[in-house]
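*Asks:* Just so you know, the protein sequences line up as chains A and B, in that order.
Just so you know, we're using numbering that gives the first Met the number 0 here: the first sequence kicks off at 0 and counts up by one.
Just so you know, we're using numbering that gives the first Met the number 0 here: the second sequence kicks off at 0 and counts up by one.
No residue lacks a Cβ here, since even glycine has one placed at the ideal position from N, Cα and C.
Structure below; questions to follow.
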Amino acid sequence: MLSRFVARRFAAAVALAFGVVLVAFLLTNLVPGDPAAANLGQRAIEDPDAVAAFRRQYGLDQPLPVQFGRYLTNLLTGDLGRSQQTNRPVRTDLAEFGPASAELALTATAISLVLGIGLGTLAAVRRDGPIDQALRVVSLGGVSVPLFWLALIALYLLSFRLSLFPGAGRLGPGAPRPPSVTGMYTVDAALAGDWATFRSALGHVLLPAMVLAAYTIGLLTRFTRSSVLEVLGNDYVRAAHAKGLPVRLVVRRHVMRAALVPIITVVGTAFASLLAGTVLVEQIFSWPGIGSYAYRSATTLDLPAIMGVSLFVALVYIFVNFVVDVLYGVIDPRIRAS
Amino acid sequence: MSAHTAAGIPLTRRQRRLTRSAWRQPLAVIGLSIASVWLAIAALAPLIAPTDPILQESGRFLAPSAEHLMGTDGLGRDVLSRVLYGARISIPLAFMLVGLSVTVGATLGAAAGYVGGWLEEAVMRVVDLVFAFPPIILAMAVVAALGPDLRNAVLAIVVVSWPSYARVTRSLVLSLRSSEYVAASRLLGVSSARALVREVLPNVAGPVLVLATLELGNAVLLLSGLSFLGLGAVPPSPEWGAMVSEGARTFNFWWIGAFPGLAILTVVLAFNFLGDSLRDALDPQTSRAVRERAL
């Protein structure tokens with residue numbers, strides 16, 4: 000039963016991934032702009048032989064399905080094309096910049112989960128009271144604030160003016176780069192037992208992660224609130240109250256257990272939107288991740304790099320959602336049946 | 000509070016319910032006020048702005064003062080004038096974006112739900128596909144492929160936003176199609192297309208309106224985000240996202256980026272206050288579909 004459920008979910012994820020690759024292919028190939036024109040210099044464009052050679056070299060003279068087949072085979076071997084900006088394979092760039100973004104997005108996920116679930120539960124328990132109203136404004140503020148602006152203001156005020164946080168970048172000037180294992184400096188420093196570097200890395204990731212988390216904190220607060228409210232209305236919760244259990248105990252022992260299950264489903268969405276948000280936040284903090292890479296690619300119109308980042312983020316998203324779906328099915332057997 | 004309008008005409012019960020719940024909802028009033036102020040600014044910008052938004056007349060990098068309330072930017076342009084004129088770009092475009100997305104999404108969603116079969120299958124698979132990308136990422140890829148300008152940014156945002164409306168409309172149409180009163184009108188000999196328009200669509204309007212109000216804010220955020228990435232409005236134009244991006248490059252002169260960002264925040268907040276209150280005021284049962292999608 001469970002293995003069939005997992006197989007079905009896996010097939011759906013693979014189909015979706017195939018569709019995502021097709022979208023990326025169509026975007027790179029069916030656009031009005033001629034790739035030859037975009038990549039060749041002004042003089043080469045006027046030379047029909049050079050254009051034909053370019054088209055032949057990149058297989059652009061083949062019919063579209065053939066081109067797509069080639070694109071797909073290239074992808075399966077990990078070939079995402081070459082970035083015009085760094086003049087390196089996009090795969091190499093993603094491998095270099097990925098861990099920095101993973102560190103940022105994972106820290107932000109942790110922050111949003113703790114704050115979102117905490118505040119959402121508080122709002123539900125104090126339903127319609129002043130705390131609930133205030134939290135409503137806070138969570139709406141979180142989903143309304145432009146992240147790139149929040150990043151700018153936070154860096155200027157909290158770091159530059161008030162020196163509450165270290166400045167941009169991943170490490171302080173004195174801290175050595177930890178030996179690379181995962182590429183995430185906090186984890187690598189901890190693995191190496193270098194606690195001074197660990198503190199520096201953690202201090203640097205905290206502010207950008209909090210800025211990045213603003214949107215998902217807002218989302219999770221709203222979602223947790225409604226999820227907890229739904230559980231609070233159940234008879235068994237009323238029974239627990241009736242037998243005189245303190246509110247704190249009822250919430251922790253009876254309510255949270257049931258309310259947390261649906262929250263798992265939005266964790267995948269939250270992580271994906273955090274990964275996407277790095278595009279708007281990293282550049283401001285000079286954080287050398289795929290977000291900064293995408294920013295530079297966007298401003299220089301480096302199409303292979305942009306498509307590489309989009310594909311990468313979408314595939315990570317599909318993968319995370321697959322894992323979340325399976326987890327959800329494991330926790331709640333009713334999901335498997337439907 | 001009187002249950003009569005200024006003209007002394009008694010309100011219908013439905014109107015009374017809506018006004019009453021609006022007063023119980025301070026956020027709706029605040030949202031509506033901020034939105035109205037911004038709409039007025041967008042309409043009257045040429046009259047109230049101190050200078051021309053692209054005029055490079057004064058000293059560069061002047062801090063906010065009585066003369067330049069929000070200072071001047073790196074080209075000596077008045078930031079306040081640019082922020083005010085920026086409303087003429089972001090706000091009308093937000094309405095246009097949502098209008099286009101609702102039209103495309105609701106039409107495809109209603110057709111999918113009502114006709115079913117291969118059409119439904121095709122529409123919903125495309126919806127799934129778009130949802131597989133985080134919005135800003137797909138929008139970025141689409142604009143980059145089409146070429147960076149405001150028109151393509153608008154197109155890209157419509158591409159990423161129509162599926163929400165399609166999903167909500169389809170699920171509502173599906174649940175209504177099998178309802179008894181639609182069956183009854185069909186039995187009375189009403190054609191299927193007519194039943195869709197007369198019986199089903201009016202019931203879809205509420206949740207779609209809620210979603211559309213919430214999406215107004217998202218449209219402003221996406222548009223300014225694309226411009227921040229250099230994929231939206233082109234430089235001389237006083238677009239808020241592009242101005243924040245300029246502010247990020249001139250980090251020490253905080254006012255260049257701070258004020259345009261504040262404009263984005265207040266506009267989006269106003270739309271979200273409104274949408275959220277509207278969601279509460281309308282039937283909570285139908286709003287559930289919207290709430291799920293909003294996540």
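I want to see whether chain B comes within less than 9 Å of Ile-116 (chain A), judged by CB atoms only; does it?
*Replies:* What you label residue 116 (chain A) is simply residue 117 of the first sequence in a count that begins at 1. Not one chain B Cβ lies under 9 Å of Ile-116 (chain A).
*Asks:* DSSP three-state label for Asp-187 (chain A), please.
*Replies:* As a position in the first sequence, residue 187 (chain A) is number 188, starting the count at 1. Residue state, collapsed to three classes: helix.
*Asks:* Measuring alpha carbon to alpha carbon, tell me which residue in A:Gly-128, A:Gly-141, A:Val-136, A:Gly-202 is nearest Leu-157 (chain A).
*Replies:* Within the first sequence, residue 157 (chain A) is the residue found at index 158, counting from 1. Residue A:Gly-202 is the option with its Cα nearest to Leu-157 (chain A).
*Asks:* Could you tell me whether the segment 151-163 of chain B touches the segment 85-99 of chain B, where touching means 3 or more Cβ pairs closer than 8 Å?
*Replies:* Yes, they touch.
*Asks:* Give me the residue from A:Leu-154, A:Val-254, A:Val-319, A:Val-89 with the minimum Cα distance to Gly-232 (chain A).
*Replies:* Sequence index remark: in the first sequence, residue 232 (chain A) carries index 233 (1-based). The candidate whose alpha carbon is nearest that of Gly-232 (chain A) is A:Val-254.
*Asks:* Between Arg-224 (chain A) and the rest of its own chain, which residues show a CB-CB distance below 7 Å, the 5 nearest in sequence each way excluded?
*Replies:* For the purposes of this step, residue 224 (chain A) is identified with residue 225 of the first sequence, where counting begins at 1. Closer than 7 Å at the Cβ level, and outside the excluded window around Arg-224 (chain A), lie Gly-119, Ala-122, Ala-123.
*Asks:* Which ranges would you report for the alpha helix (DSSP H) in the segment 171-211 of chain B if only whole runs of at least 4 residues count?
*Replies:* Within the segment 171-211 of chain B, the complete alpha helix (DSSP H) runs of at least 4 residues are 179-186, 191-194.
*Asks:* Return the first residue and the last residue of the alpha helix (DSSP H) that Gly-68 (chain A) is part of.
*Replies:* One-based indexing of the first sequence puts residue 68 (chain A) at position 69. 63-75 is the extent of the alpha helix (DSSP H) around Gly-68 (chain A).
*Asks:* Within a Cβ cutoff of 7 Å, which residues of the same chain sit near Leu-228 (chain B), ignoring the five residues on either side of it in sequence?
*Replies:* Translated into the one-based positions of the second sequence, residue 228 (chain B) becomes position 229. Contacts found: Met-139.
*Asks:* Rounding to the nearest angstrom, what Cα-Cα distance links Pro-259 (chain B) and Ala-44 (chain B) in this structure?
*Replies:* Position 260 of the second sequence, counted from the first residue, corresponds to residue 259 (chain B). Position 45 of the second sequence, counted from the first residue, corresponds to residue 44 (chain B). Taking the straight line joining both Cα atoms gives about 15 Å.
*Asks:* Any idea what DSSP makes of Pro-162 (chain B), helix, strand or coil?
*Replies:* Residue mapping note: residue 162 (chain B) aligns to position 163 of the second sequence, counting from 1. The answer is helix: DSSP assigns Pro-162 (chain B) an H, G or I state.
*Asks:* Can you confirm whether the segment 51-70 of chain B touches the segment 254-271 of chain B when touching is taken to mean that 3 or more C-beta pairs between the two stretches lie within less than 8 Å?
*Replies:* These segments touch.
*Asks:* Closest to Phe-159 (chain A) by C-alpha separation, out of A:Ile-283, A:Arg-333, A:Gly-18, would be which residue?
*Replies:* Position 160 of the first sequence, counting from 1, holds the residue named residue 159 (chain A). Ranking the options by Cα distance to Phe-159 (chain A), first place goes to A:Ile-283.
*Asks:* At a Cβ threshold of 9 Å, is Gly-80 (chain A) touching chain B?
*Replies:* As a working note, residue 80 (chain A) is residue 81 in the first sequence. Output row for Gly-80 (chain A): interface = no.
*Asks:* May I ask you to verify whether the segment 244-259 of chain A touches the segment 142-152 of chain A, counting CB pairs closer than 8 Å and requiring at least 3?
*Replies:* As far as the Cβ criterion goes, the segment 244-259 of chain A does not touch the segment 142-152 of chain A, which means the pair count is below three.
*Asks:* On a Cα-Cα basis, can you pick out the residue from A:Ile-330, A:Pro-332, A:Asn-320, A:Val-329 that is closest to Ala-10 (chain A)?
*Replies:* Within the first sequence, the letter at position 11 stands for residue 10 (chain A). Nearest option by C-alpha distance: A:Asn-320.
*Asks:* What residue from A:Leu-63, A:Thr-72, A:Ala-49, A:Asp-60 has the CA that sits closest to Phe-17 (chain A)'s CA?
*Replies:* Locating residue 17 (chain A) in the first sequence gives position 18, where the first residue counts as 1. The residue with the shortest Cα to Cα distance from Phe-17 (chain A) is A:Thr-72.
*Asks:* For the alpha helix (DSSP H) containing Met-69 (chain B), list its first residue and its last residue.
*Replies:* As a first step, residue 69 (chain B) is located in the second sequence; it is residue number 70 there, counting from the start. Neither: Met-69 (chain B) is in no alpha helix (DSSP H) and is coded neither H nor E.
*Asks:* For the alpha helix (DSSP H) that Pro-261 (chain A) lies in, which residues bound it at each end?
*Replies:* As a working note, residue 261 (chain A) is residue 262 in the first sequence. Here the alpha helix (DSSP H) through Pro-261 (chain A) covers 255-280.
*Asks:* Terminal residues of the continuous alpha helix (DSSP H) containing Gln-132 (chain A)?
*Replies:* Residue 132 (chain A) sits at position 133 when you count from the first residue of the first sequence. Taken as a continuous stretch (DSSP letters only), the alpha helix (DSSP H) holding Gln-132 (chain A) covers 129-143.
*Asks:* Rounded to the nearest angstrom, what separates Val-126 (chain B) and Arg-176 (chain A) at their Cα positions?
*Replies:* Indexing the second sequence from 1 puts residue 126 (chain B) at position 127. Indexing the first sequence from 1 puts residue 176 (chain A) at position 177. Roughly 44 Å between the two C-alpha positions.
*Asks:* In whole angstroms, give me the CA-to-CA distance for His-240 (chain A) and Leu-259 (chain A).
*Replies:* Along the first sequence, one-based indexing puts residue 240 (chain A) at 241. Along the first sequence, one-based indexing puts residue 259 (chain A) at 260. Their backbone Cα atoms lie some 20 Å apart in a straight line.
*Asks:* Within 9 Å of any Cβ in chain A, is that where the Cβ of Trp-253 (chain B) sits?
*Replies:* Position 254 of the second sequence holds residue 253 (chain B). Yes, contact with chain A.
*Asks:* When DSSP labels each residue in this structure, what does Pro-88 (chain A) get in the three-state scheme?
*Replies:* As a first step, residue 88 (chain A) is located in the first sequence; it is residue number 89 there, counting from the start. Strand at Pro-88 (chain A).
*Asks:* Counting only runs of 4+ residues fully inside the segment 20-50 of chain B, write out the alpha helix (DSSP H) ranges in chain order.
*Replies:* Entirely contained in the segment 20-50 of chain B, the alpha helix (DSSP H) runs reaching 4 residues are, in chain order, 25-47.
*Asks:* Considering just the uninterrupted stretch of the alpha helix (DSSP H) at Ile-283 (chain A), what are its terminal residues?
*Replies:* Within the first sequence, residue 283 (chain A) is the residue found at index 284, counting from 1. Taken as a continuous stretch (DSSP letters only), Ile-283 (chain A) belongs to no alpha helix (DSSP H), as it is neither H nor E.
*Asks:* Among residues of its own chain, excluding the 5 on either side of Leu-195 (chain B), which ones have a beta-carbon nearer than 6 Å to its beta-carbon?
*Replies:* As a working mapping, residue 195 (chain B) is identified with position 196 in the second sequence. Excluding sequence neighbours, Leu-195 (chain B) sits near Tyr-113.
*Asks:* Taking 8 Å as the cut-off, does the segment 269-278 of chain B touch the segment 105-125 of chain B (at least 3 CB pairs, one atom from each stretch)?
*Replies:* Too few Cβ pairs lie closer than 8 Å, so no.
*Asks:* Per the DSSP calculation, Asp-77 (chain B) is bridged to which residue(s)?
*Replies:* Locating residue 77 (chain B) in the second sequence gives position 78, where the first residue counts as 1. Beta-bridge pairing links Asp-77 (chain B) to B:Thr-71.
*Asks:* Quick one: which residues of the segment 131-142 of chain B get their C-beta closer than 9 Å to a C-beta of chain A? List them in chain order.
*Replies:* Hits within the stretch, in order: Ala-131, Phe-132, Pro-133, Pro-134, Ile-135, Ile-136, Leu-137, Met-139, Ala-140, Val-141, Val-142.
*Asks:* Would DSSP call Arg-81 (chain A) helix, strand or coil?
*Replies:* Along the first sequence, one-based indexing puts residue 81 (chain A) at 82. The answer is strand: DSSP assigns Arg-81 (chain A) an E or B state.
*Asks:* Any contact between the segment 101-113 of chain A and the segment 223-241 of chain B? By contact I mean 3 or more CB pairs, one from each, below 8 Å.
*Replies:* The segment 101-113 of chain A vs the segment 223-241 of chain B: no contact.
*Asks:* Find the residues of chain A that neighbour Leu-220 (chain B), judging by a C-beta separation of less than 7 Å, and give them in chain order.
*Replies:* Residue mapping note: residue 220 (chain B) aligns to position 221 of the second sequence, counting from 1. Within 7 Å Cβ-Cβ: Pro-145.
*Asks:* What are the boundary residues of the alpha helix (DSSP H) that Gly-318 (chain B) is part of?
*Replies:* With chain B covering only 0 through 294, there is no way to say anything about residue 318 (chain B).
*Asks:* Would you decide whether Ser-2 (chain A) is buried or exposed? Buried here means 16 or more other CB atoms lie within 10 Å of its CB.
*Replies:* Within the first sequence, residue 2 (chain A) is the residue found at index 3, counting from 1. Exposed: under 16 other Cβ atoms inside 10 Å.
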